[in-house]
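One structure is given here, and the rest of the page talks about it.
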Amino acid sequence: MRDLLADLLAQATRKGATAADAFVVQDQAFSAQVRLGQVDTVKHARDQHMALRVFVGQSVAAASTSDLTAEAMTRLVDEAVSLARVTSPDELAGLPDASLLARDVPDLDLHDPHGHDLPPEEKIELARRCEAAALEADPRITNSEGGDFGDRRARYAYATSHGFSGEYRTSSFSLAVSPVAAQNGEMQRDYWYHGTRKRASLERPEDIGRVAARRTLRRLGARRVKTTEVPVIFDPDMAASLVRHIAGAASGPALYRRASFLVGKLGERIAAPSITVVDDGTIPGALGSRPFDGEGLPVRRTVVVDRGVLSSYLLDTYSGRKLGLPSTHHAARDGSGVSVSTTNLYLAAGATDPVEMIRSVKSGLYVTELIGFGVNGVTGDYSRGAVGLWIENGELAYPVEEITVAGNLLDMFHAVEAVGNDLVFRDRTAAPTVMIGRMTVAGA
Amino acid sequence: MPAHPERFFADRFGLNAGAMERLLGSTLTGRVEHADLFLEYRISEELVLEEGAVKKAARHVSQGAGVRAQSGERTGYAHTDDLALPNLEEAARQARAIADRSSASAVVAVGHDGAPHDLYRLAEPPIAANLDRKLALLGQMDGAARGLDPRVRQVIATLGSEDVVVVMATPSGWTVGDVRPLTRLNVTVIVEDGAKREIGTYGGGGRVAFDFFLEQDRWKHYVTEAVRQAVIKLHAVDAPAGEMTVVLGPGWPGILLHEAIGHGLEGDFNRKKTSAFSGRLGQPVASELVTVVDDGTIQNRRGSLNVDDEGVPTRRNVLIEKGILRGYMQDRLNSRLMGMELTGNGRRESYAHPPMPRMTNTFMLAGQDEPSDIIRSVQKGLYAVNFGGGQVDITNGRFVFSASEAYLIEDGCVTSPVKGATLIGNGPESLTRVSRVGHDLKLDEGVGTCGKDGQSVPVGVGLPTIRIDRMTVGGTQV
Numbered sequence: 352m353r354d355l356l357a358d359l360l361a362q363a364t365r366k367g368a369t370a371a372d373a374f375v376v377q378d379q380a381f382s383a384q385v386r387l388g389q390v391d392t393v394k395h396a397r398d399q400h401m402a403l404r405v406f407v408g409q410s411v412a413a414a415s416t417s418d419l420t421a422e423a424m425t426r427l428v429d430e431a432v433s434l435a436r437v438t439s440p441d442e443l444a445g446l447p448d449a450s451l452l453a454r455d456v457p458d459l460d461l462h463d464p465h466g467h468d469l470p471p472e473e474k475i476e477l478a479r480r481c482e483a484a485a486l487e488a489d490p491r492i493t494n495s496e497g498g499d500f501g502d503r504r505a506r507y508a509y510a511t512s513h514g515f516s517g518e519y520r521t522s523s524f525s526l527a528v529s530p531v532a533a534q535n536g537e538m539q540r541d542y543w544y545h546g547t548r549k550r551a552s553l554e555r556p557e558d559i560g561r562v563a564a565r566r567t568l569r570r571l572g573a574r575r576v577k578t579t580e581v582p583v584i585f586d587p588d589m590a591a592s593l594v595r596h597i598a599g600a601a602s603g604p605a606l607y608r609r610a611s612f613l614v615g616k617l618g619e620r621i622a623a624p625s626i627t628v629v630d631d632g633t634i635p636g637a638l639g640s641r642p643f644d645g646e647g648l649p650v651r652r653t654v655v656v657d658r659g660v661l662s663s664y665l666l667d668t669y670s671g672r673k674l675g676l677p678s679t680h681h682a683a684r685d686g687s688g689v690s691v692s693t694t695n696l697y698l699a700a701g702a703t704d705p706v707e708m709i710r711s712v713k714s715g716l717y718v719t720e721l722i723g724f725g726v727n728g729v730t731g732d733y734s735r736g737a738v739g740l741w742i743e744n745g746e747l748a749y750p751v752e753e754i755t756v757a758g759n760l761l762d763m764f765h766a767v768e769a770v771g772n773d774l775v776f777r778d779r780t781a782a783p784t785v786m787i788g789r790m791t792v793a794g795a
Numbered sequence: 003m004p005a006h007p008e009r010f011f012a013d014r015f016g017l018n019a020g021a022m023e024r025l026l027g028s029t030l031t032g033r034v035e036h037a038d039l040f041l042e043y044r045i046s047e048e049l050v051l052e053e054g055a056v057k058k059a060a061r062h063v064s065q066g067a068g069v070r071a072q073s074g075e076r077t078g079y080a081h082t083d084d085l086a087l088p089n090l091e092e093a094a095r096q097a098r099a100i101a102d103r104s105s106a107s108a109v110v111a112v113g114h115d116g117a118p119h120d121l122y123r124l125a126e127p128p129i130a131a132n133l134d135r136k137l138a139l140l141g142q143m144d145g146a147a148r149g150l151d152p153r154v155r156q157v158i159a160t161l162g163s164e165d166v167v168v169v170m171a172t173p174s175g176w177t178v179g180d181v182r183p184l185t186r187l188n189v190t191v192i193v194e195d196g197a198k199r200e201i202g203t204y205g206g207g208g209r210v211a212f213d214f215f216l217e218q219d220r221w222k223h224y225v226t227e228a229v230r231q232a233v234i235k236l237h238a239v240d241a242p243a244g245e246m247t248v249v250l251g252p253g254w255p256g257i258l259l260h261e262a263i264g265h266g267l268e269g270d271f272n273r274k275k276t277s278a279f280s281g282r283l284g285q286p287v288a289s290e291l292v293t294v295v296d297d298g299t300i301q302n303r304r305g306s307l308n309v310d311d312e313g314v315p316t317r318r319n320v321l322i323e324k325g326i327l328r329g330y331m332q333d334r335l336n337s338r339l340m341g342m343e344l345t346g347n348g349r350r351e352s353y354a355h356p357p358m359p360r361m362t363n364t365f366m367l368a369g370q371d372e373p374s375d376i377i378r379s380v381q382k383g384l385y386a387v388n389f390g391g392g393q394v395d396i397t398n399g400r401f402v403f404s405a406s407e408a409y410l411i412e413d414g415c416v417t418s419p420v421k422g423a424t425l426i427g428n429g430p431e432s433l434t435r436v437s438r439v440g441h442d443l444k445l446d447e448g449v450g451t452c453g454k455d456g457q458s459v460p461v462g463v464g465l466p467t468i469r470i471d472r473m474t475v476g477g478t479q480v
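So the protein lines, in turn, are chains P and W.
For what it's worth, my numbering labels the leading residue of the first sequence as 352, then goes sequentially.
For what it's worth, my numbering labels the leading residue of the second sequence as 3, then goes sequentially.
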């Protein structure tokens, strides 16, 4: 693959590019869905594509293709170079300084050499067992949207015209199930999942199925509540969504476009002292790790929020130059160019036992699901549909639905009263349980 | 782009009718009831202007084939992006292996489904329009936005265009093709006034030529709207929290229908009985003022298709007629398993995805009321005219959609603008509370994209002004 890239970059340079970078990715994916014990859908996929970015002086353009024949590669170069001649010169455009490039590609243990060898029948069986455990957990689990197994292996190579060339392989495996429970004409659905880079470290299908059943059953009998202002506790997955909002606002492109509620806040207090947010791309075997970023810079550990103070933005080379700062090595490369992405992003664990957190609330909301897109990244105004459990006198009392939670993200981060000690990595972004002192809950 | 998609694949890949039949014939040696092949060739282009300069220009080519075999409720799907024949044969072999374990035996050949439409024939597809003209338009939008208001700090104008050639074939030798142009022009502005900062965004498009944006000065309208919305929000007060009467303006607020009932009426959820609307055909699910259709046959609309992604001609399907639930939206698999007729709603994001029931253009038919009378009828409530995205939980029917431009209604008058807020309701109940329907049906400008199960497809929505007597508004002001 790296030879292919070297040819492509040489061709681009010959045709007038003053600098260029390119990647090629090849992946193979398998997924199986079993519903009510029967195979529902099985998918096999084989994909590849190649993307080129060229600079002609200070002008830049990109092109991509899924056709890797020599003829298609020539067309790719011609299109990118001719597009670059019409885009506007930008004095800050360009590859990162060559001295910053990753010198070696660390082995972060992202590939499972034998995990994919399992025959399709056995992969289907994992999905079946996962669903069966959910269906058997309780007679009120009467239906299902299915149990799913998926695995994917990919090879990724990236090279630049100023000397970087790196390649790595990744594997991923996932199991999930979405059971449906019914009682007195009411129907509720929930889900549970696990994802890893090694098949051997996938949680047992039965354990995932049982958790999914428990999550679904606890939603039965859901009520609405009167509109009120109360403390709101976000469960770990929902707290992770708040961390994603911080990362989105701290990302370079949003900042230089002034489309972020964190504009001009570097070095300032943006959250309670209990909040520390870290992005660490170097964790071996983790879902978000990568040996180099989308511009060939070495990945690292970045403290984004240090005890409530915004200590770093998330920058690629271009957005860094726009803001007068060095890249933080968070470039993500796609077919259209470079953007910013997080790696393994997490809210550091606090000291509070989540049970104690709930016990401290006389009347409040424990959020287990959020829906909708009511987040304004420019102002931080926040309003989303919520599902969860109502807390009464320190106990989870009954399920609630058809309500919203609203506030402003900066106010919410300042109002964090407790951070749980229950941080577990189930996904690329993770958080422990978080309690916010006061938010508006709208309902009946 | 060729006018004849079938010949295109034959010329380019040697995939003539005989070769396709051979592939699918081999797919069918087993107990498979339905098999088909979907070939796709897609060229897309994106141009982004920000800070007055064209910062991003990209062109993408993707091509591939998906082979599907179905047996009972089982679907085997394999896809490859290498259209050389040996790969297609491997894809077909895998699909067959997947769906082969079944007790059913009949092989059902699929025949012609009627005359195709011709909904988006263009003299020049948008992808082929002159690049300099496109870049000039983006530049004009930037200038216009900054000229409208000195508080405009940032302008991001985006033009996306694509042309997609698809061919669908079944083992009986039946083949249908379609060439699908699509374009969309968007503008986002950031305005600043002292420490206050806000965002406004607007756009439009469809299966139309580039000139569509120049006709009737549409591009200027997009710019004016984006700036107007951003500036209004600078002075917005906190949105109210709790249940109240809500009046929705015409056009894009039709996203209500998409979330509240549309997804719940897709055939797959109803076959699986996981929808809040399962088993409710013939029952009242809305006020008798409400008639909702899903219509894939509207000329040049973003959600329109000549044939769906299973080769079935699109139709105008009545979903709710005077409040009564009349029909679901189907793809081939679910219509067969439910014993219901095909509706032309089998859609997929690309060759890399199997089709499923999806919406096209979903809207409510106009009523009798004067829009201003509808607002005047409300003592205290919310008037919402623009929305961001929405989402629904199919199973319990709860849905949300987020207002990006809304106002208080006080004593029958529209007063202060309020900050963005999420509206939440229950699909089978919300439309029973529609008490007024305006005569001003409007379809959206052509920017909608719907996501389901990881697949995105372009869709349209539409609505006349309506009054909903009771709905929860998720603001902060108790």
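Backbone N, C-alpha and C define an ideal beta-carbon position, used for all residues, glycine too.
The segment 204-212 of chain W makes contact with the segment 440-459 of chain W: 3 or more CB pairs, one atom from each, lie closer than 8 angstroms. When Cβ-Cβ separations below 8 angstroms define contact, L696/P makes no contact with chain W.
Between P635/P and P152/W, the alpha-carbon positions lie close to 51 angstroms from each other. The segment 661-668 of chain P and the segment 557-565 of chain P do not touch, with fewer than three beta-carbon pairs separated by less than 8 angstroms. Selection A396/P, A373/P, T578/P, D429/P evaluated against L403/P yields A373/P as nearest (Cα-Cα).
Listed by position along chain P, the residues whose Cβ is nearer than 9 angstroms to that of D395/W are Q539, R540, E720, I722, G736, V738, E752.
Straight-line spacing of the CA atoms in I396/W and V402/W works out to 12 angstroms. Using a Cβ-Cβ cut-off of 8 angstroms, Q399/P counts as an interface residue toward chain W, since at least one Cβ of chain W sits closer than that to its own.
Counting along the chain, the unbroken beta strand (DSSP E) around P750/P starts and ends at 746-759.
By the neighbour-count criterion, in which 16 or more other beta carbons inside 10 Å mark a residue as buried, H441/W falls on the exposed side. Take G391/W, set aside five residues on each side of it, and the residues of its chain with a beta-carbon closer than 8 angstroms to its own are I257, F403, S404, in chain order. Under the three-pair Cβ rule at 8 angstroms, the segment 452-472 of chain P counts as touching the segment 642-651 of chain P. Non-local C-beta neighbours of G599/P in its own chain, meaning closer than 7 angstroms and more than five positions away in sequence, comprise A605, G728, ordered along the chain. Sequence-distant Cβ neighbours of S382/P in its own chain, meaning closer than 6 angstroms and more than five residues away, are K394, G501. Using a Cβ distance threshold of 8 angstroms, E482/P and G498/P count as a contacting pair. Using a Cβ-Cβ distance cut-off of 8 angstroms, the segment 552-559 of chain P and the segment 779-788 of chain P are not in contact, since fewer than three pairs of beta carbons, one from each stretch, lie closer than that value. For K713/P, the three-state secondary structure derived from DSSP is coil. Taking each of G408/P, D358/P, D378/P in turn and checking the Cα distance to A370/P, the smallest one comes out for G408/P. Per the C-alpha coordinates, the member of H596/P, S692/P, P624/P positioned closest to D631/P is S692/P.
The continuous stretches of beta strand (DSSP E) do not include F271/W, which lies in the alpha helix (DSSP H) extending over residues 269-273. Under the DSSP definition of a beta bridge, T579/P partners with V792/P. Among the residues facing chain P, I426/W is included, as its CB has a counterpart in that chain under 8 angstroms away. Looking from the CA of G618/P, the closest CA among L459/P, S663/P, Q399/P, M589/P belongs to S663/P. From the beta-carbon of I201/W, the residues of chain P found nearer than 9 angstroms are A610, N727, G728, V729, T730. DSSP, reduced to helix, strand and coil, places Y204/W within a strand of the structure shown. Between the alpha carbons of R574/P and D134/W lies a gap of roughly 58 angstroms. Contact annotation: in the segment 54-70 of chain W, residues whose CB is within less than 7 angstroms of a CB in chain P are A55, V56, K57, K58, A59, A60, R61, H62, V63, S64, Q65, G66. Excluding sequence positions up to five before and after D195/W, its CB lies within less than 8 angstroms of the CB of R153, L236, all in the same chain and listed in chain order. Around the C-beta of A396/P, 16 or more other C-beta atoms lie within 10 Å, and the residue is accordingly described as buried.
A125/W counts as exposed, since fewer than 16 other C-beta atoms from the protein chains shown sit within 10 angstroms of its C-beta. Using a CB distance below 9 angstroms, the part of the segment 175-190 of chain W facing chain P consists of T190, ordered along the chain.
With respect to the C-alpha of G462/W, the residue from A37/W, N363/W, Q393/W having the closest C-alpha is N363/W. Along the segment 399-447 of chain W, the alpha helix (DSSP H) occurs as fully enclosed runs of 4 or more residues at 429-432, listed in sequence order. For G422/W, the nearest beta carbon of chain P is closer than 8 angstroms to its own beta carbon. Chain P places a beta carbon closer than 8 angstroms to that of K275/W, counting this residue as a contact. The beta-carbon of E75/W is placed less than 8 angstroms from the nearest beta-carbon of chain P.
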